[in-house]
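>
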Amino acid sequence: MRFNCAAIPGELAEAELFGHTRGAFTGAAQARRGFFAEANGGTLVLDEVGELSAPIQAKLLRALQEGEIQPVGAGRVEKVDVRVVASTNRDLAADVRAHRFREDLYYRLAVVELIVPPLQEHREDIPALAAEFARRYGERFGMQDVRLAPELVDALQRADWPGNVRQLENSIARMVALGGGGEIGLQAFTGASSRIAEPGAEPPPDGTLSLREQLEALERSVIARTLASVAGNQSEAARRLGLSRGSLIDRLKKYGFAASATDSTA
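If you read the sequence shown in this note's numbering, its first letter stands for residue 2, the second for the next number, and so on.
(1) Between residue 44 and residue 101, what straight-line distance do the alpha-carbon atoms span, to the nearest angstrom?
(2) Taking the alpha-carbon positions, what's the residue 103 to residue 128 distance?
(3) Secondary structure at residue 116, three-state DSSP: helix, strand or coil?
(4) If you count every other CB in all the chains shown that lies within 10 Å of the CB of residue 2, and 16 or more means buried, which is it?
(5) Identify, in the order they occur along the chain, each residue of the same chain with its Cβ nearer than 7 Å to the Cβ of residue 158, setting aside the five sequence neighbours on each side.
(6) In terms of alpha-carbon separation, which member of 213, 164 and 228 lies closest to residue 180?
(7) Once the 5 residues before and after residue 96 are set aside, which same chain residues still bring their CB inside 7 Å of it?
(8) Around the Cβ of residue 26, are there at least 16 other Cβ atoms within 10 angstroms (buried) or fewer (exposed)?
(9) Who does residue 228 pair with in a DSSP beta bridge?
(10) So, helix, strand or coil for residue 166, using DSSP?
(11) Does the structure place the region 222-241 close enough to the region 136-147 that three or more beta carbon pairs sit under 8 Å?
(12) When the distance is taken between beta carbons, is residue 22 closer than 7 Å to residue 38?
(13) If we count the other Cβ atoms within 10 Å of its Cβ and call it buried at 16 or more, is residue 72 buried or exposed?
(14) Quick check on residue 29: does DSSP put it in helix, strand or coil?
(15) Where residue 161 and residue 133 are concerned, what is the direct C-alpha to C-alpha distance, given to the nearest angstrom?
(16) Should residue 269 go down as buried or exposed, given a rule of 16 or more other Cβ atoms within 10 Å for buried?
(17) Taking its Cβ as the centre, do 16 or more other Cβ atoms sit within 10 Å of residue 154, making it buried, or is it exposed?
Shown next, in the form of structure tokens:
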């Protein structure tokens, strides 16, 4: 199981990790098992563990050291046997020195430490990663024969990627979503359509696009980003965009997206 420590507000992280009893807090209409209880006998991945608040760090240390958890609102403790794999993009050793992360928890987690270098230090992996992301998102968006032009791969390999593999993946997903299948050229990364899609980037020069064209480009970009964020699930994308699924499908056809994009409602 995987728990993203950065995605849950601090006041809710305890209940999510360790569970809660009925009536433990406002909205707790029924008891709920936490991630530790669900992962009992298995492995729990704690992504971005450095984002946990100090009180939750203390409870996590108890779970790791004593094998005990206490659901929110419960007067009892539960025994659990969970293997924990923790990841973070923070320098936890520096956070320990700055008193932002518990020293005892740091050493409890750092039994076997693996340091993944930034993407710019292993650029030779970028072509293979980019090709795999293009294949994966091509399948999710229902596009045939998605491939990256050699000049595009060269540009990707020269880019800095401060956001590392996640940034590369999101960029490939956006280019695939904005394309219509087939070969994706360098223009998808450096051209006007890319500049419109990239947050904070400069818009095309005045007069190059009409108001209608600019609005359509913006709408297409928003739809593409939303589809990428939900792995091509049309129903979820429509919900996030505030559209009916039929309206979204009409826009997908209008902008040349494949009609067979993933639509899992499970």
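Just so you know, even glycine gets a beta-carbon here, dropped at the ideal spot from N, CA and C.
If we stick to the structure as given:
(1) 26 Å
(2) 39 Å
(3) coil
(4) exposed
(5) 124, 127 and 128
(6) 228
(7) 51 and 102
(8) exposed
(9) DSSP, once it has assigned bridges, lists no residue as partnering residue 228.
(10) helix
(11) yes
(12) no
(13) buried
(14) coil
(15) 19 Å
(16) Not covered by the structure: residue 269. The range shown for the chain is 2 to 267.
(17) buried
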